[in-house]
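Peer 1: Converting from the sequence shown to my numbering requires adding 434 to each position, the first position being numbered 1.
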Amino acid sequence: MSDDELDDFYINDAGCRAKLFDAMKADFNRFGPESRKRVLDAIEFILSSGNIEKYWRAVVPKEVPLDQVEDKPGCLRSLYESLTGRMPSPRGLESDVEVVYERHTIDTRN
435 MSDDELDDFY INDAGCRAKL FDAMKADFNR FGPESRKRVL DAIEFILSSG
485 NIEKYWRAVV PKEVPLDQVE DKPGCLRSLY ESLTGRMPSP RGLESDVEVV
535 YERHTIDTRN
């Protein structure tokens with residue numbers, strides 16, 4: 435985004451959010467199948483965890499100010515739907531999930 439676009443960006447505006455998600459989808463589509471699966475698993479985990487604020491940075495760019503997002507679960511569900519064309523499935527919090535705080539990542543590998 436240009437500086438002017440960033441100045442006009444508001445995360446709670448549907449049009450702005452759609453532009454952001456379109457850009458994220460373009461990047462996502464360049465990932466390999468395993469990387470795409472990990473991203474989607476992480477979003478499902480975050481939504482199922484009930485602790486979105488704690489894990490937000492694992493899947494949302496740091497440029498998106500967390501405190502300005504009015505509906506965090508809705509935002510993540512919309513992101514998931516934008517990336518996949520479907521709503522996320524609830525995910526159990528099994529032992530195959532490792533949260534790595536210092537790297538802001540969620541590892542869902544078995």
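Ideal Cβ positions, reconstructed from N, Cα and C, are used throughout, including at glycine.
According to DSSP, simplified to helix, strand and coil, what is G449?
Peer 2: Helix, per DSSP.
Peer 1: Could you give the distance in angstroms between the alpha-carbon of L513 and the alpha-carbon of I480?
Peer 2: The straight-line gap from Cα to Cα measures roughly 12 Å.
Peer 1: For A492, which of E478, E504 and Q502 has the nearest alpha-carbon?
Peer 2: Of the candidates E478, E504 and Q502, the one whose C-alpha sits nearest the C-alpha of A492 is E478.
Peer 1: Could you tell me if Y489 is buried or exposed, where buried requires 16 or more neighbouring beta carbons within 10 angstroms of its beta carbon?
Peer 2: Result: buried.
Peer 1: Taking the straight line between their C-alpha atoms, what separation do you get for A452 and G508?
Peer 2: Going by the C-alpha atoms only, they are around 13 Å apart.
Peer 1: Can you tell me whether L522 is buried or exposed, with buried defined as 16 or more other CB within 10 angstroms of its CB?
Peer 2: Note that residue 522 is Pro in the sequence shown here, rather than Leu. Buried.
Peer 1: Span of the alpha helix (DSSP H) holding R491?
Peer 2: Run containing R491: none; DSSP gives neither H nor E here.
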